[in-house]
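Residue numbers (UniProt numbering): 1 to 246.
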Amino acid sequence: MMVTYKQLKHFSIHATDKDIGGIRDILFDDDSFVIRYLVADTNTWLPLSRKVVISPISVSIINRDHDTIDVAMDAETLKNSPTIDEHKPVSREYEETLFRYFGYGYYWIGPGAWGDFSHPTELADPKLMDEAREDLSANKENHLRACGEVSGYEVATTDDNVGHICDFVVDTRNWAIRLLVVDTNNWLPGGKKLALLPTDILQIDWSSHRVSVKLDHDGLMARPDIDIDKLGNGEYIADIVHQIAK
């Protein structure tokens, strides 16, 4: 199923025993372009609106009809989970603490986006935690970015700046980002919504608020003009990707 970042921001999260609030933001890996965490806005049931993160490993059901995500844990488990400081980067040390708390296998041990697995839920097996290597010195760096931060970044082609990132299209089968959407409205009167592939990205620079791409100006402007109303349609997204790959 395809869903966009902007759509997910309207989803509520259901634990096994209660509603635990909505999605405040989404953290993705800018190396593999996979969604790593949903940041839950828990102001209805936690003091001081303390923020907790939920890995796709925990997601059991996504209901587009009701805009809900069900997670395979109760509210008390989430309440006692390690919290994050939303004003600081999420470190690998924090991730290790979080994964140990939930008893998940580490996604960063293995060749793929989810370690040795194609789907994140396969890492929920507690045996994987027992088998996890203790020496993780080669895996201390993560590449987490907030969609809410990168949304709005300028897009820098090889010869000029054209538009800004306005949305992300996510495949919830493996939580991979399939497309990034560029809005050229602040550069071109009337504007367009253009498609970028993750493989188009050279660098995301937080200091300059800029996403550098491999394309020149004409190459970007030649990309398909996206119909925003169809971004949740898997066949439509596959056709866009096919057009770009030609």
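Built from N, CA and C at the ideal position, the CB exists for glycine as well.
Three-state class that DSSP yields for residue i in the structure shown
{"i": "leucine 220", "result": "helix"}
{"i": "isoleucine 84", "result": "coil"}
{"i": "aspartate 24", "result": "Reading the sequence as shown, one finds arginine at residue 24 and not aspartate. DSSP places arginine 24 in strand when its eight states are reduced to three."}
{"i": "glycine 191", "result": "coil"}
{"i": "serine 137", "result": "At serine 137, the pLDDT of 44 sits below 50, so the modelled position is not reliable and the matter cannot be decided from this model."}
{"i": "isoleucine 228", "result": "helix"}
{"i": "leucine 46", "result": "coil"}
{"i": "leucine 215", "result": "coil"}
{"i": "serine 12", "result": "strand"}
{"i": "threonine 199", "result": "helix"}
{"i": "aspartate 19", "result": "strand"}
Residue i to residue j span [Cα, whole Å]
{"i": "lysine 6", "j": "leucine 128", "result": "33 Å"}
{"i": "glutamate 235", "j": "proline 89", "result": "35 Å"}
{"i": "leucine 180", "j": "valine 241", "result": "11 Å"}
{"i": "leucine 123", "j": "lysine 192", "result": "40 Å"}
{"i": "isoleucine 13", "j": "aspartate 70", "result": "6 Å"}
{"i": "isoleucine 57", "j": "glycine 148", "result": "21 Å"}
{"i": "leucine 38", "j": "leucine 144", "result": "12 Å"}
{"i": "isoleucine 23", "j": "valine 52", "result": "10 Å"}
{"i": "tyrosine 106", "j": "isoleucine 35", "result": "15 Å"}
{"i": "glycine 115", "j": "tryptophan 108", "result": "6 Å"}
{"i": "aspartate 167", "j": "threonine 4", "result": "7 Å"}
{"i": "phenylalanine 33", "j": "serine 55", "result": "15 Å"}
{"i": "proline 198", "j": "lysine 214", "result": "11 Å"}
{"i": "isoleucine 226", "j": "valine 170", "result": "15 Å"}
{"i": "valine 211", "j": "serine 81", "result": "33 Å"}
{"i": "glycine 232", "j": "aspartate 125", "result": "30 Å"}
{"i": "isoleucine 244", "j": "glycine 163", "result": "19 Å"}
{"i": "glycine 219", "j": "valine 150", "result": "22 Å"}
{"i": "serine 118", "j": "proline 189", "result": "42 Å"}
{"i": "serine 60", "j": "histidine 66", "result": "15 Å"}
{"i": "isoleucine 62", "j": "aspartate 205", "result": "32 Å"}
{"i": "tryptophan 187", "j": "methionine 221", "result": "12 Å"}
{"i": "lysine 18", "j": "aspartate 41", "result": "14 Å"}
{"i": "lysine 246", "j": "leucine 46", "result": "50 Å"}
{"i": "proline 120", "j": "phenylalanine 11", "result": "20 Å"}
{"i": "serine 91", "j": "asparagine 161", "result": "31 Å"}
{"i": "isoleucine 84", "j": "threonine 157", "result": "34 Å"}
Enclosing alpha helix (DSSP H) for residue i [first to last residue]
{"i": "arginine 173", "result": "Where arginine 173 is concerned, there is no enclosing alpha helix (DSSP H), given that its DSSP letter is neither H nor E."}
{"i": "alanine 75", "result": "75-79"}
Residue i - containing beta strand (DSSP E), residue span
{"i": "histidine 242", "result": "That residue, histidine 242, is in no beta strand (DSSP E); its alpha helix (DSSP H) goes 234-245."}
{"i": "alanine 124", "result": "Premise fails: alanine 124 is in no beta strand (DSSP E) and is neither H nor E."}
{"i": "threonine 4", "result": "2-4"}
{"i": "leucine 144", "result": "144-146"}
{"i": "isoleucine 35", "result": "34-41"}
{"i": "serine 60", "result": "59-63"}
{"i": "threonine 68", "result": "68-71"}
Near the ligand PLP: residue i beta-carbon under 7 Å from a heavy atom
{"i": "serine 212", "result": "With respect to the ligand PLP, the structure offers nothing, as it holds no ligand at all."}
**Prompt:** Is the stretch 95-108 in contact with the stretch 68-87, if contact means three or more CB pairs nearer than 8 Å?
**Reply:** yes
**Asked** Which ranges would you report for the beta strand (DSSP E) in the stretch 83-115 if only whole runs of at least 3 residues count?
**Response** none
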